[in-house]
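Worksheet: the structure to be examined is printed underneath.
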Amino acid sequence: MPPSSAPATTAAPLAGAMLGATTGGQTPRHGLSFREFVALAAALMALNALATDIMLPALGEIARDFLVGDPNERQKVVIVYLLGFGAAQLICGPLSDRFGRRSVLLCGIALYAAAALLAIFATTYEQFLFCRLLQGVGCAAPRVVAVSMVRDCYSGAKMGRIMSLVMMVFMTVPILAPSAGQAVLLFGPWRAIFLLLAFGGFALLAWSGLRLGETLPGEERHPFSLRGMFAAFAHVLTNRTSLGYTLAFTCIIGALFAFIASAQQIFAEAFGLGELFPLVFAMTGLALAVSSFFSASVVERIGLKPLSHMALTFYAVVCVLQVIVAMAFGPNLFTFTGLLLLGIFAFGMIGPNFNAIAMEPQGHVAGTASALIGFITTCGGAALGFLVSSQYDGTVVPLTVGFAVFAVAALIIVAITERGQMFKA
């Protein structure tokens, strides 16, 4: 069902919320100023980036502490978290459509913080990975609810702008997180990182609980049932636009997860940067933040699809060029990092816009749709990322080949979805 055919009970409050957010009319459903809403949505999504990136400098120490011999085994610290994060979204979405956004959000943040505390007391690698899994499960709710709240209150290019602003704000976390993790390691063990994660979780729990209003009124909620949940899933999977852009985004995010999982090995070990690794990693986060700001500035003029299609094409060209350079000239820190930054810059115009395009036809089941899209992109991306990162052989060739394959696959999927009519609003 296209957005224009959504029930009147949904359309009227949605229009009022958009009016209140942009013209000073009716107060938006979330009850916050525009800036605070963007900041809170960004912070909710940033929990995921924080839990993933802050411990990258500590992976070697964690492996030594738990006597993990295989260097590639340490990647499970990232991958297991992502699998829990992705899978739990299937439940969080329908629950938020039934019981509202706030209750699901607050329960998820509480689990995230509690799992971080439990990880401090893990005595085996298996126990630690289980805590990481629980932490991912808890963080699924903030991700689903953040996207759903944006969709509850905004649509179209306005939604794309909000998502780009959210991406820009929360990408300051990956810029700072590895450096923060490295700073913690200078003064304490790796377990202190999880104490910091728990503190951040409880702080966000207080912010959300005290300030955030419910964006899904009772009359717009859906009774929770397996039949209804699978019907909503079917609506997403049978919608050409939602399915196509979800699969394309899965390929792109698979490349990102492959980089995150192997970044510490590549920069700290292959290129010998050691403790300087967080500084180089921060450059990639800065490129993504700048790109997201640029996307937010121009998306309403250019359009979601033209902007993201141009960015995807550019990304594919850069990824193919990266493979050619890696194979022809061998590993080189400057050429690899330079091309990587160009690719990350393109990613900033792909990710939030692809997500907005996929969500656009799903306004009446935003929570469940966000959950399924998040599940597919996160679990699929984690699987694709691990497939590539596990092939690490001391060079950047496996990673660059993975980048190129995923980028070209995404370009083909989008072309098929649009029936060859790309770059059009």
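Counting along the sequence shown from 1, when you hit position 78 you're at 82 in my numbering, and nothing is skipped either side. Every residue gets a Cβ at the ideal spot worked out from N, C-alpha and C, and that includes glycine.
N-terminal and C-terminal residue of the alpha helix (DSSP H) that residue i is part of
| i | result |
| --- | --- |
| Ala238 | 230-241 |
| Val322 | 308-333 |
| Arg147 | 129-157 |
| Met363 | 337-363 |
| Gly4 | This structure gives no information on residue 4, because the portion of the chain shown stretches from 5 to 429. |
| Thr421 | 401-421 |
| Lys80 | 80-103 |
| Leu71 | Segment: none, Leu71 is in no alpha helix (DSSP H) and carries neither H nor E. |
| Glu279 | Run containing Glu279: none; DSSP gives neither H nor E here. |
| Val42 | 38-57 |
| Trp211 | 195-215 |
Any non-hydrogen atom of the ligand NAD within 6 angstroms of residue i CB
| i | result |
| --- | --- |
| Gly289 | Among the components modelled here there is no ligand, and therefore nothing to report on the ligand NAD. |
Same chain only: Cβ atoms within 8 angstroms of residue i, ignoring 5 sequence neighbours per side
| i | result |
| --- | --- |
| Thr27 | Only weak support exists for where Thr27 lies, its pLDDT of 36 falling under 50; the coordinates are left without a value. |
| Leu121 | Phe198, Leu199, Ala202 |
| Ala320 | Ala408, Ala411, Val412, Ala414, Leu415 |
| Leu36 | Leu44, Arg215, Leu216, Gly217 |
| Val84 | Leu133, Arg136, Leu137, Gly140 |
| Ile420 | Gly248 |
| Ser212 | Leu44, Leu48, Arg106, Leu109, Leu110, Ile113 |
| Asn243 | Pro365, Gln366 |
| Phe70 | Thr128, Tyr129, Phe132 |
| Val72 | Ile66, Arg78, Tyr129 |
Contact set for residue i: own chain, Cβ-Cβ below 7 angstroms, skip 5 residues either direction
| i | result |
| --- | --- |
| Met233 | Pro98, Thr372 |
| Arg165 | Ala300, Val303, Glu304 |
| Glu130 | none |
| Gly104 | Glu218, Leu220, Arg225 |
| Gly406 | Ala259, Ala262, Val392 |
| Glu279 | Gln186 |
| Met314 | Phe427 |
Among the options, the one whose alpha carbon lies nearest that of residue i
| i | options | result |
| --- | --- | --- |
| Val177 | Gly398, Asp57, Lys309, Ile264 | Asp57 |
| Ile417 | Leu316, Leu337, Gln395 | Leu316 |
| Leu87 | Ile270, Asn359, Cys383, Arg231 | Cys383 |
| Phe340 | Phe275, Ser394, Phe358, Gly378 | Phe275 |
| Met353 | Met363, Val294, Ile95 | Val294 |
| Leu241 | Met363, Ala55, Gly164 | Met363 |
| Thr127 | Ile66, Glu77, Ile113, Met314 | Ile66 |
| Val81 | Gly90, Ala55, Arg244, Leu48 | Ala55 |
| Leu63 | Leu48, Leu133, Phe338 | Leu133 |
| Arg102 | Tyr396, Gly222, Val141 | Gly222 |
| Ser374 | Ala53, Phe237, Leu51, Phe228 | Phe237 |
| Gln220 | Arg231, Leu230, Tyr158 | The amino acid at residue 220 is misidentified as Gln; the sequence shows Leu. If we check each option's Cα against that of Leu220, Tyr158 comes out closest. |
| Ala145 | Ala123, Phe125, Ala114, Tyr129 | Ala114 |
| Gly192 | Gly204, Leu247, Ile124, Leu230 | Ile124 |
| Asp397 | Asp74, Asp69, Phe70, Ala53 | Asp74 |
| Gly438 | His239, Ser100, Phe89 | What is shown of the chain runs 5 to 429, which leaves residue 438 out entirely. |
| Ala272 | Ala252, Ser229, Ala262, Leu337 | Leu337 |
| Ile95 | Leu376, Leu388, Glu422, Gly424 | Leu376 |
| Arg78 | Phe285, Val284, Phe390, Ser100 | Phe390 |
| Arg155 | Gly142, Cys143, Val170 | Val170 |
| Gly204 | Pro227, Ala119, Ala252 | Ala119 |
| Ile306 | Leu180, Ala429, Ser100, Cys143 | Ala429 |
Contact belief for residue i with residue j at Cβ below 8 angstroms, rounded distance in angstroms
| i | j | result |
| --- | --- | --- |
| Phe410 | Ile256 | 7 angstroms |
| Val392 | Pro402 | 6 angstroms |
| Leu343 | Leu325 | 6 angstroms |
| Leu60 | Gln268 | 5 angstroms |
| Leu209 | Ala92 | No, Leu209 and Ala92 are not in contact; Cβ-Cβ is about 17 angstroms, not under 8 angstroms. |
| Phe358 | Tyr249 | 5 angstroms |
| Leu260 | Val149 | Not really, about 22 angstroms apart at Cβ, beyond 8 angstroms. |
| Met163 | Ala360 | 5 angstroms |
| Thr245 | Thr381 | Contact doesn't hold; Cβ gap of about 15 angstroms is too wide. |
| Ala332 | Val400 | Incorrect: roughly 13 angstroms between the Cβ atoms, too far for contact. |
| Met167 | Pro356 | 4 angstroms |
| Ser394 | Asn76 | 6 angstroms |
Residues near residue i by beta carbon distance below 6 angstroms, same chain, minus five either side
| i | result |
| --- | --- |
| Thr404 | Gln326, Val327, Ala330 |
| Pro335 | Thr399, Val400 |
| Phe206 | Ala117 |
| Val151 | Ser374 |
| Ala196 | Val188 |
| Trp194 | Ala62, Glu65, Ile66 |
| Leu190 | none |
Determine, using beta-carbon pairs with one atom in the stretch 294-304 and one in the stretch 342-358, whether at least three such pairs fall under 8 angstroms. yes
Take every Cβ of the stretch 93-111, pair it with every Cβ of the stretch 207-217, and state whether three or more of those distances are shorter than 8 angstroms. yes
Quick check: the stretch 184-199 against the stretch 33-48, are at least 3 beta-carbon pairs closer than 8 angstroms? no
Would you say the stretch 280-289 touches the stretch 302-314, given that touching needs at least three Cβ pairs under 8 angstroms? no
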